[in-house]
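Counting along the sequence shown from 1, when you hit position 39 you're at 1113 in my numbering, and nothing is skipped either side. Even glycine gets a Cβ: it sits at the ideal position worked out from N, Cα and C. In what follows, a single structure is set out as structure tokens and then discussed.
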Amino acid sequence: MSIACVDLTPGQIYRHQSNGSVYLCKDSNFGDAILLRSDGWLMVAHGVHVNADGAIWWNFSTSGRFTDETFDPSEK
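What follows is the structure, given as structure tokens:
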């Protein structure tokens, strides 16, 4: 498990370490990221970390809401 917060790569899909959901990184800056879950849930994740296996987790999130934007993880 990483200790330092990281910037994710916009356009990249990441898997959450606990719930297994996949998130598309829309933007990332200074350890915070705008993440879109495949079902349209959009949020800002604060204090993003990446584990050795590539799974992500974050300290807390804000501004969560459903949007009309969704994606098929198998197409990315």
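May I ask you to list the residues that DSSP assigns as paired with Thr-1136?
Val-1118
Arg-1111 burial status per 10 Å Cβ neighbour count (16 or more: buried):
buried
May I have the straight-line CA-CA distance separating His-1123 from Leu-1098, to the nearest angstrom?
Near 15 Å, if we compare the C-alpha coordinates of Leu-1098 and His-1123.
In three-state terms, what does DSSP make of Ser-1092?
coil
Taking the alpha carbon of Ser-1102 as the point to measure from, which residue in Phe-1134, Met-1117 and Pro-1084 has its own alpha carbon closest?
Pro-1084
Do Gly-1094 and Met-1117 have their C-beta atoms within less than 8 Å of each other?
Not closer than 8 Å, so no.
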